[in-house]
Amino acid sequence: MNDGGSIDPGEAANGSRPRRGEVTVTDSRGEVKRRIAFYAKRITNAQGEVIACMGLTRDITLEREIDRMKTEFVSNVSHELRTPLTSIRAYTEMLLDDETDDPQTRRDYLQIVLDEAVRLTNLINDILDLSKMEAGRKTYKFVTVSLHGLVKKVATVISADIQKKHHAFDIRIPDADREAVCDSDLVHQSMLNLLSNAVKYTPDGGKIALELIYDSNTYTISVSDNGPGISREDQKQLFSKFFRVESTLNRDVGGTGLGLALVRQIAHVHQGEAGVESEPGKGSTFRLTLPFQPPRPALPTATAPKKPA
29 MNDGGSIDPG EAANGSRPRR GEVTVTDSRG EVKRRIAFYA KRITNAQGEV
79 IACMGLTRDI TLEREIDRMK TEFVSNVSHE LRTPLTSIRA YTEMLLDDET
129 DDPQTRRDYL QIVLDEAVRL TNLINDILDL SKMEAGRKTY KFVTVSLHGL
179 VKKVATVISA DIQKKHHAFD IRIPDADREA VCDSDLVHQS MLNLLSNAVK
229 YTPDGGKIAL ELIYDSNTYT ISVSDNGPGI SREDQKQLFS KFFRVESTLN
279 RDVGGTGLGL ALVRQIAHVH QGEAGVESEP GKGSTFRLTL PFQPPRPALP
329 TATAPKKPA
C-alpha cells in the first residue's frame with residue numbers, strides 16, 4: 029500500500045514544479061515494511077516542451093525508525109525523570125509546610141526524598157553510560173580479574189536485598205578459579221543488574237541462583253529465578269531501552285528500564301552475548317557470555333594495571 033502520493037515519475041511530474049514525497053509500503057497485515065522518499069521532475073527543452081521525466085527514490089526506512097526511537101526515548105526519559113521529581117517536590121513541600129510534628133514521620137519523608145534522589149541519580153548515570161557506549165565515547169579499563177572474586181563480590185553486594193525478600197540464594201562456581209580480561213566495573217554492573225531484576229520480580233520467598241560456567245574460550249554468568257516468567261513476545265524487546273514487561277505482578281516494581289539494555293551493550297563491548305530463556309509461570313534464566321580474552325576492545329579503552337576483582 030502506498031501513502032503520500034505515487035512514485036510513478038510520469039504522474040508525479042505532471043505539475044510545473046518538482047514533486048517530493050514519502051511512500052509507506054505495507055504488507056497484507058498492514059505492517060510497515062519500507063518507507064521510501066521520492067523526487068520527481070519533468071525535463072523540458074528550450075521551447076518548454078516536456079522531453080523526459082526524472083524520478084529518484086531513496087529508502088529511508090532506517091532513518092524513520094531512528095526518528096521514532098529518538099522520539100520514544102525522549103518521551104520515556106521525560107516520564108522516568110518526572111516520577112521521582114514529583115515525589116521529591118511533594119514531600120519537600122510537606123516538610124516546609126510543617127504538616128507534621130512527629131520526628132519519625134519527618135524522618136520517613138526525608139528518607140523518601142533521599143531514595144527518590146538516588147533513583148534519579150541512578151537513572152541519569154544509566155542514561156549517560158548507555159549513550160556514551162552506543163556513541164563510542166566511553167573509556168574502558170580492561171584488566172585481568174579473578175572470576176571467583178568477581179562473582180563473590182557481587183553476591184555479597186546483593187545479599188542484603190535477597191534477605192529482605194526472604195529468597196533462597198544458591199551460588200554455584202567451579203572449584204578452580206580462572207582469570208579473565210574485562211572491564212571489571214562493567215561486568216560487575218551487568219551481574220548486579222541481572223540479580224537485582226531477579227530479586228525485584230520474584231515474589232517473596234522465591235529461589236535465585238547465580239552460576240559461573242567455564243567453556244573453552246568463554247565464561248558464562250547465569251542468573252536464574254522462579255519468578256513469573258516472560259512471554260516469547262516480550263523477550264523480543266526485553267533488552268531494548270525502557271522496555272518493561274507489563275503484568276499485574278510487575279506493576280509496583282520500580283526501575284529505570286535501562287538495566288538489560290546496559291547488560292547487552294556491556295556484552296557487546298566485550299564481544300560477548302547476553303540472552304534469556306523463559307516461559308510464563310516457569311521463571312527465567314539470563315546469561316551473560318564473555319570471552320576470557322577479548323580479541324580486541326570493541327570500543328576505545330584505557331589501560332590500567334592488573335588488579336584483583
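In our numbering, the protein residues as written are 29 to 337.
Beta carbons are placed, not taken as given, at the ideal position from N, Cα and C, and that holds for glycine.
All values reported here derive from a predicted model rather than from experimental measurement.
Outcome for residue i when other beta-carbon atoms lying within 10 angstroms are tallied against a minimum of 16
| i | result |
| --- | --- |
| HIS216 | buried |
| VAL291 | buried |
| PRO46 | exposed |
| SER306 | buried |
| ASP154 | buried |
| SER56 | exposed |
| PRO323 | exposed |
| SER218 | buried |
| LEU316 | buried |
| GLU93 | exposed |
| ALA188 | exposed |
| SER18 | With the chain covering only 29 through 337, there is no way to say anything about residue 18. |
| GLY76 | exposed |
| GLU91 | exposed |
| GLN293 | buried |
| GLU121 | exposed |
| GLY257 | buried |
| ARG110 | exposed |
| LEU277 | With a pLDDT of 47 at LEU277, under the threshold of 50, the modelled position of that residue is not reliable, and no figure is offered here. |
| ALA204 | exposed |
Own chain residues within Cβ distance below 7 Å of residue i, not counting five before or after
| i | result |
| --- | --- |
| ILE201 | HIS176, VAL179, LEU240 |
| THR230 | HIS195, ILE236, ASP253, ASN254, GLY255 |
| THR133 | none |
| GLN299 | PRO319, PRO322, PRO323, ALA326 |
| ILE190 | PHE197, VAL227, ILE236 |
Residues that residue i bridges to, as DSSP identifies them
| i | result |
| --- | --- |
| ALA118 | DSSP lists no partner for ALA118. |
| ILE6 | The requested residue 6 does not occur in the structure, where the chain is confined to residues 29 to 337. |
| GLY267 | First, the residue type needs correcting, since residue 267 is Phe and not Gly in the sequence shown. Its beta-bridge partners do not exist; DSSP assigns none. |
| ARG315 | SER250, GLY303 |
| VAL78 | THR72 |
| LYS235 | ALA196 |
| ILE241 | THR248 |
Beta-carbon contacts of residue i that lie in its chain and below 8 Å, excluding the five residues immediately before and after
| i | result |
| --- | --- |
| LYS269 | PHE101, ASN104, LEU158, GLY285, LEU286, ALA289 |
| PHE320 | ARG206, GLU207, ALA208, VAL209, ASN245, THR246, TYR247 |
| ALA295 | SER218, GLU301, ALA302, LEU316, THR317, LEU318 |
| ALA80 | ARG70, ILE71 |
| GLU162 | GLN293 |
Neighbourhood of residue i by C-beta, 6 Å cutoff - its chain only, sequence neighbours within 5 removed
| i | result |
| --- | --- |
| ASP235 | For the record, residue 235 in the displayed sequence is Lys; it is not Asp. Closer than 6 Å at the Cβ level, and outside the excluded window around LYS235, lie ALA196, ASN254. |
| GLY233 | HIS194 |
| VAL78 | ARG70, THR72 |
| TYR67 | ARG48, LEU84 |
| ASP198 | ALA237 |
| LEU223 | ILE186, VAL251 |
| ARG147 | PRO112 |
| LYS160 | LYS166 |
| LEU123 | TYR137 |
The segment 131-149 contacting the segment 106-118, beta-carbon criterion three pairs below 8 Å
yes
For a minimum of 4 consecutive residues, which ranges assigned as the alpha helix (DSSP H) are wholly contained in the segment 142-222?
175-192
With contact counted as at least three CB pairs below 8 Å, one residue from each stretch, are the segment 201-211 and the segment 258-266 in contact?
no
Between the segment 86-94 and the segment 60-74, can you find at least three pairs of beta-carbon atoms closer than 8 Å?
yes
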